[in-house]
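Let me begin by presenting the structure, written as structure tokens, before commenting on it.
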Amino acid sequence: MIHQKYLLRQAVQYVLAAAAVLFCYFTIILCVFSLAGTSYRSAAHVLLFAMLFLVLGLCFEPFERLMIHSFTFFKTGKRAFILMAGTVQLLFLWMTAYTADQMIHNIWLSTTEEMILAAVFLILDKCNSALPK
2 MIHQKYLLRQ AVQYVLAAAA VLFCYFTIIL CVFSLAGTSY RSAAHVLLFA MLFLVLGLCF
62 EPFERLMIHS FTFFKTGKRA FILMAGTVQL LFLWMTAYTA DQMIHNIWLS TTEEMILAAV
122 FLILDKCNSA LPK
């Protein structure tokens, strides 16, 4: 009985953590859409876009990490490596935004707005990785 309560509590904690992450993505995307003047039919479509952006990002991330890891075989300096890695991350984030935009027909994003969204998430990722552990 105690084991079942522990599992239930763990499941609730994981669901709440996932909901918090999705809410953060939704809020950031909604703010970027508002600042960029993006047209969308309803907030539900933005929530669906946020969910797709999150799931596609998780699907594309292993390929992004693999490509960045392949740069270690080049004999480049540290600055060049950081520039190449940042460029790859930005392109994968743009690919994620573009794919999510193409899958949802009730959100109209231009290429510039997709790049702005990718740049915002790249900056947030870099700020998050700079925090002390």
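In the numbering used here, the protein residues as written are 2 to 134.
Heads up, the beta-carbon is just placed ideally off N, CA and C, and yes, glycines get one too.
Roughly how many angstroms separate the alpha carbons of Thr112 and Trp95, rounded to a whole number? 9 Å
Can you name the residues that DSSP bridges to Ile108? Tyr41
Tell me, please, whether the segment 57-64 touches the segment 32-47 by the rule of three or more beta-carbon pairs shorter than 8 Å. no
Which ranges would you report for the alpha helix (DSSP H) in the segment 44-94 if only whole runs of at least 4 residues count? 44-71
Verify the contact flag: Leu59, CB atom, against every heavy atom of the ligand SAM, threshold strictly below 7 Å. No copy of the ligand SAM appears in this structure; indeed no ligand is present at all.
With a threshold of 16 other CB atoms inside 10 Å of the CB of Gln90, please say whether the residue is buried or exposed. buried
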